[in-house]
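There are 2 protein chains.
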Amino acid sequence: MPNDLVSQAMAGNARAIARLMTLAERGQPARALYGHAGRAHIAGVTGVPGSGKSTLVRALAGQARQRGLRVGVVAIDPSSPFSGGAILGDRIRMADLSTDDGVFIRSMASRGAMGGLSAAALDVVDVLDAAGFDLIMIETVGVGQDEIDIARAAHTVCVVSAPGMGDGVQAIKSGILEIADVHVVSKADKPEAQRTVSDLKEALSLGEHPAAGAWTPPVLASSADQGSGIGEVLDAILAHYAWLQSSAQLAVRVRAIAGRRLLKVVEDQVRNRLDLQQARAGDHVAQLVDRVARHELHPLQAAAEFLTND
Amino acid sequence: MPNDLVSQAMAGNARAIARLMTLAERGQPARALYGHAGRAHIAGVTGVPGSGKSTLVRALAGQARQRGLRVGVVAIDPSSPFSGGAILGDRIRMADLSTDDGVFIRSMASRGAMGGLSAAALDVVDVLDAAGFDLIMIETVGVGQDEIDIARAAHTVCVVSAPGMGDGVQAIKSGILEIADVHVVSKADKPEAQRTVSDLKEALSLGEHPAAGAWTPPVLASSADQGSGIGEVLDAILAHYAWLQSSAQLAVRVRAIAGRRLLKVVEDQVRNRLDLQQARAGDHVAQLVDRVARHELHPLQAAAEFLTND
Chain A
146 MPNDLVSQAM AGNARAIARL MTLAERGQPA RALYGHAGRA HIAGVTGVPG SGKSTLVRAL
206 AGQARQRGLR VGVVAIDPSS PFSGGAILGD RIRMADLSTD DGVFIRSMAS RGAMGGLSAA
266 ALDVVDVLDA AGFDLIMIET VGVGQDEIDI ARAAHTVCVV SAPGMGDGVQ AIKSGILEIA
326 DVHVVSKADK PEAQRTVSDL KEALSLGEHP AAGAWTPPVL ASSADQGSGI GEVLDAILAH
386 YAWLQSSAQL AVRVRAIAGR RLLKVVEDQV RNRLDLQQAR AGDHVAQLVD RVARHELHPL
446 QAAAEFLTND
Chain B
146 MPNDLVSQAM AGNARAIARL MTLAERGQPA RALYGHAGRA HIAGVTGVPG SGKSTLVRAL
206 AGQARQRGLR VGVVAIDPSS PFSGGAILGD RIRMADLSTD DGVFIRSMAS RGAMGGLSAA
266 ALDVVDVLDA AGFDLIMIET VGVGQDEIDI ARAAHTVCVV SAPGMGDGVQ AIKSGILEIA
326 DVHVVSKADK PEAQRTVSDL KEALSLGEHP AAGAWTPPVL ASSADQGSGI GEVLDAILAH
386 YAWLQSSAQL AVRVRAIAGR RLLKVVEDQV RNRLDLQQAR AGDHVAQLVD RVARHELHPL
446 QAAAEFLTND
C-alpha cells in the first residue's frame, strides 16, 4: 500500500503526495521513498516573524515556475496549533494553483508533528523530492532550536530580514545570521530598507573573511509587493547551489545534513524509549532508572549500559 | 586519587570538595561519590533575571544555618562566560564565610561546563550531597531548557517572581510556573508586591484543582533586604520535603529525576559519539552517515542500527 502510494507520488499524483506527507507528519514516513529522494535543490527560507518570509517564498515560487522549475514549498507555521488548520490552509492555497501541477505547497503546524518536528518536516520534504520537484523551499521561523535545525537541513539557507523592526538587524540577535548563504532584506520599498542592507553588510564584514574560493553570502533587497529583486534572490539561491556542486562542497554539506538528521532521529528515539519504557516496571530501562534513583549506579554508568545492552 | 578525594570530601575537607567539583564540571565526576549521595534535600530556586534569586538564596542559607542545617549552594551564573570567573567569585564569597564550614557556595558558569551543563551541575550537587550537607540549593535562571531541567532535578522547586517587572507575572510567560512547589514574590517592600501575589494566586487558581492529599504550592512574599518572610519561605521549602516523605511522593519524584538525568546523559553521549566519530572515516557511525547521505538508508533505519549495533 505505501509502495503503491510511492509510485503514484513519483508519477505526480497530488493525492498520493499529500497522503505520504500526512504519514510523514505522523512519524510514519514511507521508507521506500527515501531512496528516490536526494535529487532536488532544497532551500531553507527563514527569518523572524513579520520579516515577510511567506510573501517572499510565494514570489520566489512564481518566479521559479516562470523559469520552468517544478517547485515545492513546505511551510512550518508555528501559529497553527493543529495540523488540521494547516491542511485547510493548504487546500485554499492549492485551489488557487489547481491548474498548475508544477507547484505543491504544504503547511505544517509546528505543534502538530509528533516524534520530532524536524524529522517530520524533512520526511515531508523527501516526498516532494522523490516526486521530482526541482526546487523545494522550506519556510521556517528563525526562532527556536527546532526551526533553526530545519533551516540548516537545506542546501541553501536564505535569511530574511525586514527593515525597521527595532534596533538593527533581528537576524543578528536570533543567531541565524551565520547560517545564511543568501541574505534578503524584504520590503525594499520601505525607506529604512537601505539602512538595514548596510547594517547587515557591516555586521557580515565584522565576521571572518571568507577563504579564497569560498562562497560570500550576498545581501539582496527585494520587494514582493513591487515585484522587485525577486529574480535576483532566485538567481543567488540557484548560484549558491551551482557553487556547491562545482566546488565539491555539496557532498560535504549533504553529509553534514545527514549527520545532523541522524542525530535528531536517534535523540527522538532515545527520548521515546526512555519515556515509554519507564511505564513498564521490571524491564531493563526501568531497572536502570531505579538503580540510578537508589544511587547504585551513576547516570554515566547507566547511560553506558543503556547504549550497549538495550 | 579520586577515591582519596572522595573520603576527604566526605570528611568535610573544603579543598577536596572544590577539587571534585572542578572534575565534575569537566565531565569527569568521581563515580564513587554517587553512592554516597542521595541523602540531602535538594531545593531548586529559579526565576527570571532580576527577580532577586541570589539575594533570596543567600538569606535562606543564613536562615538555614541559624537552624543548624549544613547548607550548600550551587549557583548557575549565565553571565559568567568562564568558569574561572565564577570560581574567583566563589573565593570572594567563601572568604566571607571562611569561619563557617557549614556553608559551601559554588558558582558555575553556564557556558563553562562541557558535556552538558545539566549533567555537570547535578554532579556538582552530588559532591555537596556526599559531603553531608543537609540542604542544597541550586540557583538557576528560569529561562532556557537547560536551566529549567536543572531546576526540575530538585526535590523542591521554588520559583521567584519580582514585583513590577512589566505586565503581570514573568514566571507565567517563561513556563516555569507549573513546576513550582513554592512561589516566592521577592522584594516585598515594593508597593507592587501585593499585586504580584494576587496575580500569582489568581493564575494558580485557574489551573487544575489539586487532588485530596496533594501539595498546594503556597505563594509567599519575602524581602531579603528587610529580612521579612525568609523564615516562612524556608519553612515552606522544608514542609514540602516533609510532605514528599510522608506521602511517599519522594520516591516517585526521585525516580522521575533519575529518569530525566539518565536521559540527559544518554543524549549528551549520543551527541558526542555521533559528533566525534564523524571525523574518523570508515568507522560504523561514519558509514551510517554516509549511507544516509547517499539515500541508501532512511535516518530511522540508520538510527535503529546505531542504537542496536554501535
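If you're matching them up, the sequences are chains A and B in order.
Residue 286 in the working numbering sits at position 141 of the first sequence, with consecutive numbering throughout.
Residue 385 in the working numbering sits at position 240 of the second sequence, with consecutive numbering throughout.
All residues carry an ideal CB built from backbone N, CA and C; glycine is no exception.
Could you tell me whether the Cβ of residue i comes closer than 8 Å to any Cβ of chain A?
i         : result
Pro174(B) : yes
Glu323(B) : no
My assumption, with CB atoms under 8 Å, is that residue i sits in contact with residue j. Please give the rounded CB distance.
i         : j         : result
Asp271(B) : Tyr386(B) : Not a contact, Cβ separation roughly 18 Å.
Arg418(A) : Val430(A) : 7 Å
Gln173(A) : Leu379(A) : About 34 Å separates the two Cβ atoms, so there is no contact after all.
Ala276(A) : Gly287(A) : Their Cβ separation, rounded to whole angstroms, is 27 Å, which puts Ala276(A) and Gly287(A) out of contact at 8 Å.
Gln446(A) : Arg176(B) : 7 Å
Gly192(B) : Ser343(B) : Contact doesn't hold; Cβ gap of about 18 Å is too wide.
Ala448(B) : Val411(A) : 5 Å
Leu165(B) : Ala154(B) : 5 Å
Tell me, please, whether the CB atom of residue i is closer than 8 Å to any CB atom in chain B?
i         : result
Arg416(A) : yes
Glu170(A) : no
Gly463(A) : What is shown of chain A runs 146 to 455, which leaves residue 463(A) out entirely.
Ala182(A) : yes
Ile283(A) : no
Ala240(A) : In this prediction, Ala240(A) scores a pLDDT of 43, lower than 50, which makes its location untrustworthy; no coordinate-derived value is stated.
Please go through the same chain and pick out, in chain order, the residues whose beta-carbon is closer than 6 Å to the beta-carbon of residue i, but skip the five residues on each side of it.
i         : result
Gln371(A) : Asp334
Gly229(B) : With a pLDDT of only 35 at Gly229(B), under 50, the local geometry of the prediction cannot be trusted, and the value read off the model is given with reservation. Cβ within range, chain order: n/a, list empty.
Ala369(B) : Thr200, Leu201 and Ala204
Gly151(B) : With the sequence shown as reference, residue 151(B) is identified as Val, and Gly is not the correct amino acid for it. Once the five neighbours on either side are set aside, the close Cβ partners of Val151(B) are Ala175, Ala177 and Leu178.
Glu284(A) : Val190, Lys198, Val202 and Ala220
In chain order, what residues of the same chain have a beta carbon less than 8 Å from the beta carbon of residue i, not counting five sequence neighbours either side?
i         : result
Ile281(A) : Ala185, His186, Ile187, Ala188, Val216, Gly217, Val218, Val219, Val270, Leu273 and Asp274
Lys346(A) : Val364
Pro362(A) : Ala325, Asp326, Val327, His328 and Leu349
Val248(A) : Ala206, Arg210, Arg215, Val216, Gly217, Val218 and Leu242
Ser367(B) : Leu201, Ala204, Val329, Val330, Ser331, Ala333, Ser373, Gly374, Ile375, Glu377 and Val378
Given that residue i touches chain A, what residues does it touch there, using C-beta distances under 7 Å?
i         : result
Tyr179(B) : His440 and His443
Using the beta-carbon of each residue, which ones in chain B are nearer than 8 Å to residue i?
i         : result
Ala407(A) : The residue you asked about is not Ala; residue 407(A) is Leu in the sequence shown. Ordered by position in chain B, the residues that pass the 8 Å Cβ test against Leu407(A) are Leu419, Leu433, Val434, Val437, Pro444, Ala447, Ala448 and Phe451.
Val399(A) : Ala438
Glu292(A) : Correct list: empty, because the minimum Cβ distance to chain B is about 14 Å.
By the criterion of Cβ-Cβ separation under 8 Å, what are the contact partners of residue i in chain A?
i         : result
Ala403(B) : Val434, Asp435, Val437, Ala438 and Pro444
Val411(B) : Val415, Leu419, Ala448, Phe451 and Leu452
I'd like the list of long-range same chain contacts for residue i, defined as Cβ closer than 7 Å, with 5 residues on each side in sequence excluded.
i         : result
Ala384(A) : none
Arg406(A) : Leu267 and Ala298
Ile382(A) : Ala188, Thr301, Cys303 and Val327
Ser392(B) : Gly358
Lys409(A) : Gly261, Ser263, Ala264 and Asp294
Trp360(A) : Asp326, His385 and Trp388
Taking only beta-carbon positions, decide if residue i is within less than 8 Å of chain D.
i         : result
Gln446(B) : Chain labels in this structure do not include chain D; the protein chains are A and B.
Segment contact, 8 Å Cβ cut-off, at least three pairs: the stretch 331-345 of chain B with the stretch 398-409 of chain B:
no
### Task
Would you be able to state if there are at least three C-beta pairs under 8 Å between the stretch 430-442 of chain B and the stretch 147-167 of chain B?
no
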